[in-house]
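Input: a single structure, listed below in structure tokens.
In my numbering, the protein residues as written are 34 to 309.
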């Protein structure tokens, strides 16, 4: 009797360990990332509290949290947040609207590529930061200069990826479709577009990072409002905790945009061509 009870307890213990191991393996990425983040925050807090480094230079997680709470009580903070969000959405939205159809057209038409391709390559080679003085002269220090910077930062990666997706389309599938007298629209919608969607989302994710960089650089260079302006003011007055708040907000914005793009990409998953 005792042996059978011990065996049953041993089986239950093994099942529990198996469930725990399975749960860990399913969430291993999040567990490792979360653990690393917790360790980083604890080390950061310990360094700040120890006095080994002047808090003026590194602040601490509790100091940053306190600064974020105090900022949230200020109306101008929400104005800065709204301005930066507007600049990003207008510039990034315009980049998507222009880059995707133009990239598809460049991939489909050699003549159009001969005509516009050199200008795209030139703009891609020029650091957008060097154009900031001209953009400020033309558009002023208001919101529209930042929208232009965001647009220029995001449009090229999206365009190039869309164009590359068209060129990467399976030529043998296109030849088979043409042999069955498929129309150009049918070939585009059934073969080319499903293959180009992953490239578009890759470009959109990369472009989102460049767009956020455009917001930061534009507002740091010349602005009267925005999170970049907040960071610049905080840096000039040695408010390290406020600088961290601004940087973390931009980081969070980037993660949210990429997560949303991942969701949309999964919805288009059925468009991916099946492997042959």
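A virtual CB, placed ideally from N, CA and C, is assigned to each residue, including glycine. All values derive from a computational prediction rather than experimental measurement.
- Looking at residue 237 and residue 191, is the spacing between their C-beta atoms short of 7 Å? yes
Review point. Grouping DSSP H, G and I as helix and E and B as strand, with all else coil, what is residue 84?
Key: coil
- prompt: Taking the alpha carbon of residue 12 as the point to measure from, which residue in 195, 296 and 242 has its own alpha carbon closest?
  reply: Because the chain in this structure spans residues 34 to 309, residue 12 falls outside the shown range and cannot be described.
Ignore the nearest five residues each way along the sequence and tell me which others in residue 263's own chain have a CB closer than 6 Å to its CB.
-> 113 and 279
Q: Would you kindly check if the distance between the Cβ of residue 121 and the Cβ of residue 248 is under 7 Å?
A: yes
I want to know whether the stretch 228 to 236 touches the stretch 193 to 201 - three or more CB-CB distances under 8 Å.
yes
### Query
Are residue 92 and residue 283 closer than 7 Å when you measure CB to CB?
no
How far does the alpha helix (DSSP H) with residue 112 in it reach, from first residue to last? 108 to 141
Item to complete: Have a look at residue 89 and residue 176 and give me their C-alpha separation to the nearest angstrom.
Response: 32 Å
Does the ligand MN have a heavy atom nearer than 6 Å to the CB of residue 164? By its list of ligands, the structure shown contains no ligand whatsoever, and the ligand MN lies outside what it can speak to.
Complete runs of the alpha helix (DSSP H) confined to the stretch 271 to 305 [at least 4 residues]:
273 to 300
Own chain, CB closer than 8 Å to residue 77, minus 5 neighbours either side, in chain order:
91, 93 and 94
- Report all residues from its chain with a CB closer than 7 Å to the CB of residue 301; omit the five preceding and five following residues, and keep chain order. 230
**Asked** When burial is assigned at 16 or more other CB atoms within 10 Å of the CB, is residue 199 buried or exposed?
**Response** buried
Handout entry: Spatial neighbours of residue 38 in its chain, beta-carbon cut-off 8 Å, leaving aside the 5 residues before and after
Key = Note that residue 38 scores a pLDDT of 46, beneath 50, so its modelled location is shaky; the value from the coordinates is reported in the next line. Once the five neighbours on either side are set aside, residue 38 has no close Cβ partner at all.
message: Are the CB atoms of residue 145 and residue 139 within a distance shorter than 7 Å?
response: yes
Review point. Leaving out five residues before and five after residue 174 in sequence, what residues of the same chain have Cβ atoms less than 7 Å from its Cβ?
Key: 255, 256 and 257
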